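From first to last, the protein sequence lines stand for chains A and B. According to our numbering, the stretch in the first sequence is residues 4 to 217, in order. According to our numbering, the stretch in the second sequence is residues 4 to 217, in order. Beta carbons: idealized from backbone N, C-alpha and C, even for Gly. If you're wondering where the values come from, they're calculated on a predicted model, not measured in any experiment.
2 protein chains.
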Amino acid sequence: MFESATLRASKRRRTEHHINHCAQQLTEAHGLDGFTMDDLAEAAEVSRRTLFNYFPSKLDAVLGNMPVLSASALATFEAGGPHGDLVDDLGELARVIFTDEGLSREQLELSQRVFFANPRLIVTAHERFEAFSEALVEHILAREGADFGRARARLLMRLLVAVFDSSLVLDPSAEGRGARGTDGSDEDGAPDVPDRPLADVFSDHLATARALLA
Amino acid sequence: MFESATLRASKRRRTEHHINHCAQQLTEAHGLDGFTMDDLAEAAEVSRRTLFNYFPSKLDAVLGNMPVLSASALATFEAGGPHGDLVDDLGELARVIFTDEGLSREQLELSQRVFFANPRLIVTAHERFEAFSEALVEHILAREGADFGRARARLLMRLLVAVFDSSLVLDPSAEGRGARGTDGSDEDGAPDVPDRPLADVFSDHLATARALLA
DNA sequence: GGCTAATAGTGCAAGAATGCACTCCATGTT
DNA sequence: AACATGGAGTGCATTCTTGCACTATTAGCC
């Protein structure tokens, strides 16, 4: 009756992401109408039929699905979150998404490029994103009580999205966090961390944002 | 009823090789009894049950299956081969095996190490190999006629095996083939072709062998 | 307009992979 | 000797993937 974090489930998610990723690559390379579902099947190394087992349409394959927050993570959040601080706990939710969705900066950037390059995509992408964040707003209210105010919840969401966006742009200069001790191990300041876990970057930016607004 | 060179079939072969390869790696790392079928399942990222869908036993998983020559390749061979010269055509069969079996030097070396390190394996490996080459002997006779003589066919097989073995040892010095022109594009003589297609190396060695014995 | 070719999308049956609950056996423990 | 444990191997129901034949729609062409 239930999804275990099992081999089967993880392969399913992998395939889904893989198809989506290939679809976006093809879109970027040849445009939305520049490739067929057969091409996509070949690129993703699955049968054409399987594509439609995962996505109901070509556009959906390119759009991909919104991340799904695990019931347990949501339960924790609504119960007062792991830390007890609203913002921190929302950050935690974001972290969960990054982590178990395995999002990389490259993939997210690709998505953005593809979406913005294709009007047909961006409208639905936007709709879905709004729906997604509205759902999160709902969870915030469920946690904080209706008195918190829907407007404030929405504002908070927008702030988080802004922080998220800012974590996507690669800033080669700084380390965000305070000085980390006197050990000069990172001596020549090499900013060669193009693959620094997105979740970490996000945490940093969130902390910075809080400090800025505090 | 029949194997098309289809997605399904190619995935099956890939999985089979993958399982076999993982099994050999585990064997090399921990010994035959140093890992369980659960470990192998995890390493190969398939379910434990799937292992037994591919191989009837742990030992078989480590041994792997002998390559299967396509019916069409065999038909061509028995009909007088693609070139008409017996040795060349046997070389062609070898090439087919290398190619569509996707054998790499690393994998073959690993097999050798693992087999020689485990008496339990080497006996069956040897048996199977003998059976395989005896089958080839049969095909040679079918092509050349019984008058060719089983003894000569066997000798030929042994010679080819020797050539094969010699293609496995990495010789960083020479290019085997005659000088390839005066263009100095490979200037500093860099022998950096560790991944030169095995099929090609084999062809070269075979040519050299023929020249030597001619 | 009517044809044809290409491509999106669906239904269905057969083949593969998985999860799980077994059995069997060897080895060690008390 | 009785017993527990761990790992090999099997049977079977469920889910996933594939292949293939089908329909629908659209664009180009005569």
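Sequence-distant residues of its chain with Cβ nearer than 7 Å to residue i (five each side left out)
i       : result
A47(B)  : H21, I22 and C25
R51(B)  : M40, D41 and A44
A134(B) : none
Close Cβ partners of residue i (< 8 Å) along its chain, the five nearest in sequence each way excluded
i       : result
H142(B) : L77, F80 and E81
E147(A) : L89 and A156
V117(B) : Q27, T30, E31, V65 and L124
F132(A) : M69
Q115(B) : L171
Beta-carbon proximity of residue i to residue j, cut-off 8 Å
i       : j       : result
A156(A) : V166(A) : no
G94(A)  : S206(A) : yes
S107(B) : L209(B) : no
L171(A) : E112(A) : yes
N121(A) : L54(A)  : no
V49(B)  : T9(B)   : no
R153(B) : L144(B) : yes
L72(B)  : L96(B)  : yes
Residues near residue i in its chain [Cβ-Cβ closer than 6 Å; skip 5 each side]
i       : result
F58(B)  : A64
S136(B) : M160
D212(B) : Looking at the sequence itself, residue 212(B) is Ala, so the reference to Asp does not match. So the list reads V166, once near-sequence residues are dropped.
Reduced DSSP category for residue i - H, G, I as helix; E, B as strand; rest coil
i       : result
P200(B) : coil
A217(A) : coil
F58(A)  : coil
L159(A) : helix
N23(A)  : helix
P85(A)  : coil
S75(B)  : helix
G184(A) : With a pLDDT of 38 at G184(A), under the threshold of 50, the predicted position of this residue should be treated as unreliable, though the coordinate-derived value follows. Three-state DSSP puts G184(A) in coil, outside helix and strand.
E48(A)  : coil
M69(A)  : coil
E190(B) : For E190(B), the predicted structure reports a pLDDT of 43, less than 50, and the residue's modelled location is therefore unreliable. A value from the coordinates is still provided. Looking at E190(B) - three-state DSSP - the assignment turns out to be coil, as it is neither helix nor strand.
L106(B) : coil
G148(B) : coil
V99(B)  : helix
D36(A)  : coil
**Request:** Would you check if the region 97-107 of chain A and the region 35-43 of chain A touch, i.e. whether three or more CB-CB distances between them fall below 8 Å?
**Result:** At 8 Å Cβ cutoff, the stretches do not touch.
**Message:** Output needed in chain order: residues of the region 36-48 of chain B with a Cβ under 7 Å from some Cβ in chain A.
**Reply:** none
**Asked** Mind listing which residues of the region 9-35 of chain B have their C-beta closer than 7 Å to chain A's C-betas, in chain order?
**Response** Within the region 9-35 of chain B, the residues whose Cβ lies closer than 7 Å to some Cβ of chain A are L10, listed in chain order.
**Prompt:** What residues from the region 46-70 of chain A come within 9 Å of chain B, judged by C-beta to C-beta, listed N to C?
**Reply:** Those residues of the region 46-70 of chain A that come within reach of chain B (Cβ to Cβ, closer than 9 Å) are E48, V49 and S50.
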